[in-house]
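Chemist:
Numbering (the working numbering), first residue to last: 8 to 90.
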């Protein structure tokens with residue numbers, strides 16, 4: 008796997024494209040554990056990737072998070088309160 012030469016540990020925002028076409032993005036690194044967000048090219052690709060796993064239910068902390076639309080709005084970096 009190609010790594011950025013200046014460091015070895017994963018960091019928030021690191022993005023990896025895997026051989027199957029899926030994408031892994033590092034969201035959090037804490038206590039030696041790495042939380043990522045995965046993106047698959049299709050539902051079929053997702054189902055194939057998880058087919059060897061065991062479904063254990065719904066993580067309520069994630070299911071109840073607001074959707075992307077909750078974060079839509081003016082960009083704070085460009086928002087001018089004088090307008």
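Each residue gets a CB set at the ideal place from its N, CA and C atoms; glycine is no exception. Being a predicted model, the structure only gives us computed values, none of them experimental.
(1) Look up residue 48 in the DSSP assignment and say whether it is helix, strand or coil.
(2) Determine whether the Cβ of residue 28 lies closer than 8 angstroms to any Cβ atom of chain C.
(3) Return helix, strand or coil for residue 36, following the three-state DSSP convention.
(4) So what's residue 12 in DSSP terms, helix, strand or just coil?
Modeler: Well, looking at it:
(1) Position 41 of the chain shown holds residue 48. Residue 48 falls in the coil class under three-state DSSP.
(2) You won't find chain C in this structure, because it holds only one protein chain.
(3) Looking up residue 36 in the chain shown gives position 29. Of the three classes helix, strand and coil, the one that applies to residue 36 here is strand, per DSSP.
(4) Residue 12 sits at position 5 when you count from the first residue of the chain shown. Any reading at residue 12 must be qualified, since the residue scores a pLDDT of 49, below 50, and its modelled position is unreliable; the value itself is stated next. Residue 12 falls in the coil class under three-state DSSP.
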